[in-house]
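Here the protein sequences line up with chains A and B, keeping their order.
Okay, so the first sequence: first residue is 3 according to my numbering, each after it adds one.
Okay, so the second sequence: first residue is 32 according to my numbering, each after it adds one.
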Amino acid sequence: MNKISDDISKDLKDQPKFTTDIGEKDQDHHSFDLGEQTTLKKIQHFLHGNPTIVPVIILILSVIAFGFIAGGKFFSAFNLSLIVQQVTIVGILAAAQTLIILTAGIDLSVAAMMVLASVFMGKLSVEMGIPTLPAILVGMISGVATGAFNGLLVTRLRLPPFIVTLGTWNIFFALVIFFTGSQSIRSSDIEVNAPLLHFWGERINLGGFVFTYGAFLMIGIFIFLWFLLNRTAWGRHVYAIGDDKEAAELSGIRTDRMLVSIYAVAGFVVAIGAWVSIGRVGSVSPTSFYEGNLDSITAVVIGGTSLFGGRGTIIGSLFGALIVGVFSSGLSIAGLDVLWQRFALGCLIIVAVGIDQWIRKVSN
Amino acid sequence: MDPVLVAKKLSKKYGKVVALDNADLELYPGEVLGVIGDNGAGKSTLIKALCGAVIPDSGEIQLDGNKVSFTSPIEARKLGIETVYQNLALSPALSITDNMFLGREIRQKGFMGKFLKFLDQKAMAEEARKRLSDLGLLTIQNINQLVETLSGGQRQGVAVARATSFGTKVVIMDEPTAALGVKESRRVLELIGEVRARGIPIILISHNMPHVFEVADRIHVHRLGTRLCVIDPKKYEMSDAVAFMTGAKEPPLN
C-alpha cells in the first residue's frame, strides 16, 4: 500500500505542468491513469485499504461534537459508561449480523431469535423449575438451531436471505408469543428462581465508570470473532463467499456448507446476547427488542461493512454500535426530542452507505 | 510417448442441442495444446467436461492412463487437473496469499493450529512468494496486497501461480488474454512458456489466433461438437486454421 502511494506521489511530481513537455514523457496509459490521481483519490484509496477508519473518525467527531453541544454532562464517567451499557445488546446482535452481511446476506430475524432464546432460558428455569444452566444450554441450542434453519433455507431453497429472514422473523416472533402467551417473566421471579440469568447485568465500578459484566462479554465476543475472521481459514472463507461466491466455490470452498455454519455461528452469538439481555432488561419480555433487527443492521452499516458482502471489519461494527449510542445519548442530553435522534440516525445511515459506495469505486 | 490426458468419444446433449458429438482430445506431456473453434462449436463444453464443470452423457476421460470421472471442478482439481477460468475465480477483496491458498490453507503446527485452527500466515506468504518468483512474477512486491489492487495481467499471474502450485498434472487455461492489453497479454504468453518449461502440459482455449499460433505446439480444431483435425502451427497459416474452423476448407487427414 505504502509502496503504491509512494509511487503515486513520485509520479505526481513527475507529471508535466500543462502540456509543455509532454512529448518526452513516458506516454503509456499507466502514467495517464496516475496523472488523474488527486488528493481525493488518495483518500479514497486509503479508506479502501483501511475500512475501519471511517467509523473511528465519525465516532471521535461525534464525541467531540456532543461534548460541545451537551456539555460536561456528556463527558461524565457515568454517562460514557452508560452508553457502553446501552449498546451492549445491539452490539452483540451487530456482531452476529456482521457475519451474515459479510457473506452478502442480511438477517432480519436476529432480534426475534434472541428473544426466542431468552424465552427458553427464562421459561424453563423460572416456570418449569429446571436448573438454570441446562435452561441456558437449551436457549443456546435454540439460537444455533434457528440460525442454522435460516442458513438451510438460504442454501437449500436458494432464496434470498432478505426473504428467508423476513419470514423467519415473523415465525420466531409468533413462537415467542406462543410460548409466553404474551406474558413477561418478571424480574423478581427470575431473581428468586434463576439469579444466574441476571449474571451479565451485574455492575462493576471502575473509578466512576460503571460497567456491566455484559459489556465486557460484548468486547470479548468482538475480539473472539476478530480472531475467527482474520486468523482462521473459516474466517477467510466468510470473506471469499461474500466477495464472489462462484469464485469461492471454484476455489474448492463448499459454500453451502460454509453458509449454514456461518448462520449457525451467528445464531450462537445471538443466543449469548439472549442471556446478556435478561441481565440488562431484568425481565424476559416477548415484545422487547422489536427494533433490534434494524438497529443491528444500522450498526453494521455505519461500521463500514458493505451490504454487498466481502468487505468490512468486525471491529467496525463495534464502533458502529457505539456511534449509535453516542448519538442517542448526546441528543437526549442536549434536550432534543427523540424524533431528532431518529432523524440524525437516518442521515448517518445514508451517509455511511454513500461513503461505502464511493470507496468501492476504487476497485474498478 | 503416452498422453497425460485423453478424452474419448465424449458426448453431451442439452435437450435437442448436441454440444459434444463423440469428441476426442489428447494432451501429451510438456506440450501446449491450443483449442480453437467457432462460437458454438462446443469447445467450451469440451473444456468444462475436462475440468469437471459439466458431466458428459457418454464417453470417458483418462488421466495418466487411468479412467477418471468427476462431478465437480473440485474433484477434478484433486486429481491434478487445474483450471484457470476466464473470470479467474479470485476473490478481489482478499490478499494474494489468501487467494493462492483459498480452500487449501496451511494451519499452524501444534495446539494453535490443531485446536484453534489458526493459520500459518508466515508459511503461506513465503510459499506464495516462492511460487510467484518461480514463475518470474517478481514485479509483485507485497504478497499481502489485495488482489483488486493488481492489474489484469498480475491477477492472471496469481491465478496461474495458484493453478500450478499443488501437484498439478494438467493446466487448462480459458481465454487467458481475452481481457488484457497488448503488454499484459505478452506477459501472460511468457507465463504459459514458464509453466511449460516446468513440465506441466497446458490446454489453451483462445479466440486470439496470433496468440494460439505463437505458443501452441499443436492446435486442436473443434467444429460441430467434435474434433475436426489437429494441426501443426508451423505447417499451416492462421488463415488455414480459420478456414478449417468455419468449414470453408477441407481439413487435412491426420
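Positions of the beta carbon are idealized from the N, C-alpha and C atoms, including for glycine.
None of the values given here were measured: they were computed from a predicted structure.
The beta carbon of R160/A sits no closer than 8 Å to any beta carbon of chain B. For M130/A, the three-state secondary structure derived from DSSP is coil. Here DSSP, grouped into helix, strand and coil, assigns A301/A to helix. Around the Cβ of E204/A, a 10 Å sphere holds fewer than 16 other Cβ atoms; the residue is exposed. The beta carbons of I103/A and T307/A sit about 5 Å from each other, so the pair counts as a contact at 8 Å. In summary, E113/B is buried, with 16 or more beta-carbon neighbours lying within 10 Å of its beta-carbon over all protein chains present. The beta carbon of F275/B does not come within 8 Å of any beta carbon belonging to chain A, so the residue lies off that interface.
For E136/B, the C-beta contacts it makes with chain A under 8 Å involve A235, R238, in order along the chain. By the 16-neighbour rule on beta-carbons within 10 angstroms, G46/B is exposed.
The distance from the Cβ of S189/A to that of G294/A is about 19 Å, inconsistent with a contact at the 8 Å cut-off. As a beta-bridge residue in DSSP terms, Y45/B pairs with V48/B. Residue contact check for I105/B against chain A: a CB pair falls below 8 Å.
Interface annotation, S253/A: in contact with chain B, CB-CB separation under 8 Å. Under the DSSP assignment, M155/B falls in the alpha helix (DSSP H) whose first and last residues are 152-165. Between V271/A and the set L219/A, S287/A, V328/A, the nearest pair of CA atoms involves L219/A. Look at M204/B here: in three-state DSSP terms it is strand. Within the segment 258-275 of chain A, no residue has its Cβ closer than 7 Å to any Cβ of chain B.
Nearest to V35/B by C-alpha distance, out of P60/B, P241/B, D52/B, is P60/B.
According to the DSSP assignment, F201/A belongs to no alpha helix (DSSP H), since it is labelled neither H nor E.
Sequence-distant Cβ neighbours of T90/A in its own chain, meaning closer than 7 Å and more than five residues away, are T214, G216, A217, M220, V278, R282. For the segment 300-319 of chain A, the set of positions with a beta-carbon nearer than 8 Å to some beta-carbon of chain B reads G312, R313 in chain order. Contacts with chain B at 8 Å (Cβ-Cβ) do not include A106/A. About 5 Å separates the beta carbon of A72/B from that of R254/B, a gap short enough to meet the 8 Å contact definition.
According to the DSSP secondary-structure assignment, S285/A is paired through a beta bridge with no residue. Of all alpha-carbon atoms in A336/A, G149/A, S186/A, the one lying nearest the alpha-carbon of I173/A is that of G149/A.
For a cut-off of 8 Å, the C-beta gap from L51/B to K43/B is around 4 Å, short enough to register as a contact. Within the same chain, and ignoring the five residues on either side of L168/B in sequence, the residues whose Cβ sits closer than 6 Å to its Cβ are G188. Cα atoms of A192/B and R108/B: separation of roughly 14 Å, rounded to the nearest angstrom.
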